[in-house]
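Beneath this line is the structure, given in structure tokens, with notes to follow.
Number of protein chains: 2
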Amino acid sequence: MPLLDHDTVQLAHGAGGRLSADLIDKLILPRFHSAELDKLEDQAVLTLPPGRVAFSTDTFVVSPLFFPGGDIGDLAVNGTVNDVAMSGAQVHALSVGFVLEEGFPLADLHRILCSMEAAAAKAGVRIVTGDTKVVGRGSCDRIFVNTSGVGVVPADVNLSASSLAGGDVVLLSGTLADHGMAVMTAREGLSFRSSVRSDTAALNGMVHDLVTACPGLKTLRDPTRGGAATTLNEFAASSKVGIKLDGAQIPVKPDVAGACEILGIDPLYVANEGKLIAVVPAAEAEAGLAAMIAHPLGTDAVMLGRVVADHPGVVTLDPGFGAERIVDMPVGKQLPRIC
Amino acid sequence: MPLLDHDTVQLAHGAGGRLSADLIDKLILPRFHSAELDKLEDQAVLTLPPGRVAFSTDTFVVSPLFFPGGDIGDLAVNGTVNDVAMSGAQVHALSVGFVLEEGFPLADLHRILCSMEAAAAKAGVRIVTGDTKVVGRGSCDRIFVNTSGVGVVPADVNLSASSLAGGDVVLLSGTLADHGMAVMTAREGLSFRSSVRSDTAALNGMVHDLVTACPGLKTLRDPTRGGAATTLNEFAASSKVGIKLDGAQIPVKPDVAGACEILGIDPLYVANEGKLIAVVPAAEAEAGLAAMIAHPLGTDAVMLGRVVADHPGVVTLDPGFGAERIVDMPVGKQLPRIC
Numbered sequence: 004m005p006l007l008d009h010d011t012v013q014l015a016h017g018a019g020g021r022l023s024a025d026l027i028d029k030l031i032l033p034r035f036h037s038a039e040l041d042k043l044e045d046q047a048v049l050t051l052p053p054g055r056v057a058f059s060t061d062t063f064v065v066s067p068l069f070f071p072g073g074d075i076g077d078l079a080v081n082g083t084v085n086d087v088a089m090s091g092a093q094v095h096a097l098s099v100g101f102v103l104e105e106g107f108p109l110a111d112l113h114r115i116l117c118s119m120e121a122a123a124a125k126a127g128v129r130i131v132t133g134d135t136k137v138v139g140r141g142s143c144d145r146i147f148v149n150t151s152g153v154g155v156v157p158a159d160v161n162l163s164a165s166s167l168a169g170g171d172v173v174l175l176s177g178t179l180a181d182h183g184m185a186v187m188t189a190r191e192g193l194s195f196r197s198s199v200r201s202d203t204a205a206l207n208g209m210v211h212d213l214v215t216a217c218p219g220l221k222t223l224r225d226p227t228r229g230g231a232a233t234t235l236n237e238f239a240a241s242s243k244v245g246i247k248l249d250g251a252q253i254p255v256k257p258d259v260a261g262a263c264e265i266l267g268i269d270p271l272y273v274a275n276e277g278k279l280i281a282v283v284p285a286a287e288a289e290a291g292l293a294a295m296i297a298h299p300l301g302t303d304a305v306m307l308g309r310v311v312a313d314h315p316g317v318v319t320l321d322p323g324f325g326a327e328r329i330v331d332m333p334v335g336k337q338l339p340r341i342c
Numbered sequence: 004m005p006l007l008d009h010d011t012v013q014l015a016h017g018a019g020g021r022l023s024a025d026l027i028d029k030l031i032l033p034r035f036h037s038a039e040l041d042k043l044e045d046q047a048v049l050t051l052p053p054g055r056v057a058f059s060t061d062t063f064v065v066s067p068l069f070f071p072g073g074d075i076g077d078l079a080v081n082g083t084v085n086d087v088a089m090s091g092a093q094v095h096a097l098s099v100g101f102v103l104e105e106g107f108p109l110a111d112l113h114r115i116l117c118s119m120e121a122a123a124a125k126a127g128v129r130i131v132t133g134d135t136k137v138v139g140r141g142s143c144d145r146i147f148v149n150t151s152g153v154g155v156v157p158a159d160v161n162l163s164a165s166s167l168a169g170g171d172v173v174l175l176s177g178t179l180a181d182h183g184m185a186v187m188t189a190r191e192g193l194s195f196r197s198s199v200r201s202d203t204a205a206l207n208g209m210v211h212d213l214v215t216a217c218p219g220l221k222t223l224r225d226p227t228r229g230g231a232a233t234t235l236n237e238f239a240a241s242s243k244v245g246i247k248l249d250g251a252q253i254p255v256k257p258d259v260a261g262a263c264e265i266l267g268i269d270p271l272y273v274a275n276e277g278k279l280i281a282v283v284p285a286a287e288a289e290a291g292l293a294a295m296i297a298h299p300l301g302t303d304a305v306m307l308g309r310v311v312a313d314h315p316g317v318v319t320l321d322p323g324f325g326a327e328r329i330v331d332m333p334v335g336k337q338l339p340r341i342c
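Just so you know, the protein sequences line up as chains A and B, in that order.
Take any residue in the first sequence, note its place counting from 1, add 3, and you have its number in this note's numbering.
Take any residue in the second sequence, note its place counting from 1, add 3, and you have its number in this note's numbering.
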């Protein structure tokens, strides 16, 4: 870690003077250098390819900050890359806004910055503008990270959660509940005896492949907070259609399933950070699934279910045995601070 | 305020389930409705005019949340509009990211949302995408607001803080230190006996006028954290030039000057939220000043000083009497949580 005059964040690191400049020049900029950021203007000026601009934002308040498989840094990069990419866009640039608590160890900040640098490089996106605020002890829980992102949507791509129709097929790119259970087990002190790891990953590469393989692609979403159940309910409500899930097709890793059972949690409601749900016309289902499986992040992809004209707004699950049940929106206190 | 089931923020309002949907549908969306936001996708897809895209972010942690002349809501809108506009861009859209503390009164949130709605309407920008997180009691100080913004820079506008040269003129659009002293006096409980009010305002309209009046415009910046002294030092360092200020030309309202004196603070170091500093070639100085003065937010504009080739990197102030002094970067603890 570069040598600074302090070991921990001081209020003056956020006051806009010499200590702020020190923090930014020595700790932050070396991790994020890009032509735009290095200018240190209050904004980045980007030359983007022509097309509609996709724009998204997310603030990350995950606790613990470091968990098996990732940390708040790569989560913040991947999360916003994914939110922008779910429009079908190619993602170009991110902004980063830190809120730091006075006393937060600069070594931890450095570790988070390195993790953001690696995630951005892997996703092929640049961090082009940023902001750092410091608040007094007790005024925030260590560090919060906001990222916003911009991308460009190809001219022939028009995705919408309200475009689903009976007969469409629901694809899922891999196992459910990895991220949420990694954070939960870390929080409960169970992680030492478990191999559960967050799936945090940038899906923009897979989105590119899917958009190419499925010209009729209806919609994409990454099932984060509230899990797959929430995403599917949102789809059903937006398109006024029903969705029928095939219970036998829900992929969950054995360790994750075990952790869910111990904690009494349904994996359909647990956050994911490196999975996407795609809805495609039936004729493109095989091509879409093949594109997912061909991508390193999609080896466990499945056809999760299908869109039906009956029971509009309702998601059901056929467990393969016994009665079909309704998969409702989650109510109440669902794993806070998962992202 | 719309009727919700609770008076205060609950953890479940941020968990992505039914209570989250309730908060967003009943309290947030009615204030921010735009074609993009109403779709409730994870990102907005914008059709922007052709040109380079200006992109900026800022997290607002101001304390107190409500202060004379404004609150965290209009500050968050105006602050990012200004950061984007200082590239010379026309500002189009904002994202909003909330971090809410469990127990925060929903009536206060509603007041902040109304204030953001009014500020966005006044600035002529749309709020197109957003995110809301809730953290437990004690994990954040009531509410933090991140805004990011995108705009489009006209083809013939190329501003840079490193383009200044000897002979250029420094213009200031109005009085200094209003915002910082409004927050300080509110915090010290002095506001009841003072008429000091924040200058929070969106400067994108004035930027449009300046870009038109001064084809040779060199750079723009809004002197927020660290005040005018910091902005001018950044200019001097980026362009490797000196800047000489005319002490007789520094506009400060009498009440603000009085509050600065009582608290022992130099107005050159105090944050502003509705002022800009422009550097123009000498030949365009009169036209630039006239454009500022013609704008409702620029009636107190002045020629603050000039760029010189000697003492590169150093800003000096000629007080009009006695010796010229150096205006250095601020060091140490300067008014935290001013924005």
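We put the CB at the ideal spot given by N, CA and C, even for glycine.
For B/Asn-348, which three-state DSSP category applies?
Lying before the first or after the last residue shown, residue 348 of chain B is absent from chain B, which here runs from 4 to 342.
Who are the near neighbours of A/Met-295 in its chain, counting only those whose CB is closer than 6 Å to its CB and skipping five residues on each side?
Numbered from 1 along the first sequence, position 292 holds the residue referred to as residue 295 of chain A. Contacts found: Ser-176, Gly-301, Ala-304.
3 or more residues per run - each beta strand (DSSP E) lying fully within the region 251-286 of chain A:
Runs found: 280-283.
State the beta-bridge partners of B/Lys-247 as determined by DSSP.
Position 244 of the second sequence holds residue 247 of chain B. Paired residue(s): B/Arg-309, B/Thr-319.
Using DSSP's beta-bridge definition, name the partner residues of A/Arg-328.
One-based indexing of the first sequence puts residue 328 of chain A at position 325. Bridge partners of A/Arg-328: A/Leu-320.
According to DSSP, B/Lys-136 sits in a beta bridge with which residue or residues?
As a first step, residue 136 of chain B is located in the second sequence; it is residue number 133 there, counting from the start. DSSP, once it has assigned bridges, lists B/Val-102 as partnering B/Lys-136.
Quick one: residues in its chain with C-beta nearer than 7 Å to the C-beta of A/Glu-327, no 5 flanking neighbours on either side, listed in chain order?
On the first sequence, position 324 is the one that residue 327 of chain A refers to. Answer for A/Glu-327: Thr-319, Leu-320, Asp-321, listed in chain order.
Kindly list, in the order they appear in chain A, the residues whose Cβ is closer than 7 Å to that of B/Val-48.
If you number the second sequence from 1, residue 48 of chain B lands on position 45. Near B/Val-48 (Cβ distances below 7 Å), the residues of chain A are Arg-55, Ala-57, Ser-90, Val-156.
Could you tell me whether any Cβ in chain A is nearer than 8 Å to the Cβ of B/Gly-141?
Taking the second sequence and counting its residues from 1, the one referred to as residue 141 of chain B is at position 138. Yes, B/Gly-141 counts as interfacial toward chain A.
Does chain B have any CB closer than 8 Å to the CB of A/Pro-339?
Within the first sequence, the letter at position 336 stands for residue 339 of chain A. True, the Cβ-Cβ gap to chain B drops below 8 Å.
Taking just the CA atoms, how far does A/Ala-286 sit from A/Phe-324?
Within the first sequence, numbered from 1, the residue matching residue 324 of chain A stands at position 321. Within the first sequence, numbered from 1, the residue matching residue 286 of chain A stands at position 283. Answer to the nearest angstrom: the Cα atoms are 28 Å apart.
What residue from A/Leu-179, A/Pro-333, A/Leu-223 has the CA that sits closest to A/Val-282's CA?
Along the first sequence, read from residue 1 onward, the residue named residue 282 of chain A stands at position 279. The option with the nearest alpha carbon to A/Val-282 is A/Leu-223.
Using CA coordinates, which residue listed in A/Pro-284, A/Pro-157, A/Glu-44 is at the minimum distance from A/Gly-169?
Here the question's residue 169 of chain A lines up with position 166 in the first sequence. Out of A/Pro-284, A/Pro-157, A/Glu-44, A/Pro-284 has the C-alpha closest to the C-alpha of A/Gly-169.
Consider the C-beta atom of B/Leu-206 and the heavy atoms of the ligand PLP; say whether any pair is separated by less than 7 Å.
This structure simply doesn't include the ligand PLP, nor any ligand for that matter.
Using a 10 Å radius around the Cβ and a threshold of 16 neighbouring Cβ atoms, would you call A/Thr-227 buried or exposed?
As a position in the first sequence, residue 227 of chain A is number 224, starting the count at 1. A/Thr-227 should be labelled buried.
Excluding the 5 residues flanking A/Gly-250 on each side, which residues of the same chain have their C-beta closer than 8 Å to its C-beta?
Numbered from its first residue, the first sequence carries residue 250 of chain A at position 247. Leu-320, Asp-321, Pro-322, Gly-323.
Does the region 201-211 of chain A come within contact of the region 77-86 of chain A, defined as at least 3 CB pairs closer than 8 Å?
yes
Give the interface partners of A/Phe-35 over in chain B, defined as CB-CB distance under 7 Å, in chain order.
Taking the first sequence and counting its residues from 1, the one referred to as residue 35 of chain A is at position 32. Residues of chain B passing the Cβ test: none, with the nearest at roughly 13 Å.
So which residues on chain A does B/Pro-333 lean against when the C-beta distance must stay under 8 Å?
The sequence position of residue 333 of chain B within the second sequence is 330, counting from 1. Ordered by position in chain A, the residues that pass the 8 Å Cβ test against B/Pro-333 are Ala-18, Gly-19, Gly-20, Arg-21.
Is DSSP giving B/Asp-61 helix, strand or coil here?
Numbered from 1 along the second sequence, position 58 holds the residue referred to as residue 61 of chain B. Here B/Asp-61 sits in strand by DSSP.
Any residues in the region 219-243 of chain B with a beta carbon nearer than 7 Å to a beta carbon of chain A? Which ones, in chain order?
Arg-224, Arg-228, Gly-229, Thr-233
Mark A/Val-334 as exposed unless 16 or more other C-beta atoms lie within 10 angstroms of its C-beta, in which case mark it buried.
Along the first sequence, read from residue 1 onward, the residue named residue 334 of chain A stands at position 331. Exposed, by the Cβ-count rule.
CA nearest to the CA of B/Phe-58, picked from A/Val-131, A/Pro-67, A/Ala-164, A/Asp-61
Numbered from 1 along the second sequence, position 55 holds the residue referred to as residue 58 of chain B. Closest by alpha carbon: A/Val-131.
Give the interface partners of B/Val-138 over in chain A, defined as CB-CB distance under 7 Å, in chain order.
The residue given as residue 138 of chain B occupies position 135 in the second sequence. Proximity of chain A to B/Val-138 at the Cβ level (cut-off 7 Å) is accounted for by Val-64, Asp-144, Arg-340, in chain order.
Chain A partners of B/Gly-169, CB-CB under 7 Å?
As a first step, residue 169 of chain B is located in the second sequence; it is residue number 166 there, counting from the start. Under the 7 Å cutoff, chain A gives no residues; its nearest Cβ is about 22 Å from B/Gly-169.
For B/Glu-237, count neighbouring C-beta atoms within 10 Å of its own C-beta (all shown protein chains included) and say buried if the count is 16 or more, exposed if not.
Working through the second sequence from its first residue, we reach residue 237 of chain B at position 234. B/Glu-237 sits buried, since 16 or more C-beta atoms from the chains shown fall within 10 Å of its C-beta.
Residues in the same chain with beta-carbon distance under 7 Å from B/Ala-290, minus the five sequence neighbours each way, listed in chain order, please.
Translated into the one-based positions of the second sequence, residue 290 of chain B becomes position 287. Only Ala-216, Cys-217 meet the Cβ criterion.
Under 8 Å by Cβ, that's how I've got A/Val-186 and A/Val-65 pegged, so tell me the actual separation to the nearest angstrom.
Here residue 186 of chain A refers to the residue found at position 183 when the first sequence is read from its first residue. Here residue 65 of chain A refers to the residue found at position 62 when the first sequence is read from its first residue. So it is a contact: roughly 6 Å between Cβ atoms.
A/Thr-302 CB to nearest chain B CB: under 8 Å?
Along the first sequence, read from residue 1 onward, the residue named residue 302 of chain A stands at position 299. It does not: the Cβ of A/Thr-302 has no partner Cβ on chain B nearer than 8 Å.
Quick one: what's got a C-beta closer than 7 Å to B/Leu-266's C-beta in the same chain, skipping five residues either side?
Here residue 266 of chain B is taken as the residue at index 263 of the second sequence, counted from 1. Here the set comprises Met-187.
Distance check for B/Asp-269 and A/Val-156, CA to CA, integer angstroms please.
Here the question's residue 156 of chain A lines up with position 153 in the first sequence. Here the question's residue 269 of chain B lines up with position 266 in the second sequence. C-alpha separation (whole angstroms): 49 Å.
Ignoring anything shorter than 3 residues or poking outside the region 47-97 of chain A, list the beta strand (DSSP E) runs there in chain order.
Listed in chain order, they are 47-49, 55-63.
Listed by chain order, chain A residues near B/Leu-51 by CB distance under 9 Å
Translated into the one-based positions of the second sequence, residue 51 of chain B becomes position 48. The contacting residues are Arg-55, Val-56.
If you scan the region 207-234 of chain B from start to end, which runs of the beta strand (DSSP E) of 3 or more residues do you find wholly inside it?
222-224
From A/Asn-85, A/Leu-32, A/Asp-144, A/Gly-152, pick the residue whose C-alpha is nearest to that of A/Cys-117; which is it?
Along the first sequence, one-based indexing puts residue 117 of chain A at 114. The shortest Cα separation from A/Cys-117 among A/Asn-85, A/Leu-32, A/Asp-144, A/Gly-152 belongs to A/Leu-32.
Tell me, please, whether the CB atom of A/Glu-264 is closer than 8 Å to any CB atom in chain B?
The residue labelled residue 264 of chain A in the question sits at position 261 within the first sequence. Cβ-Cβ to chain B under 8 Å: no for A/Glu-264.
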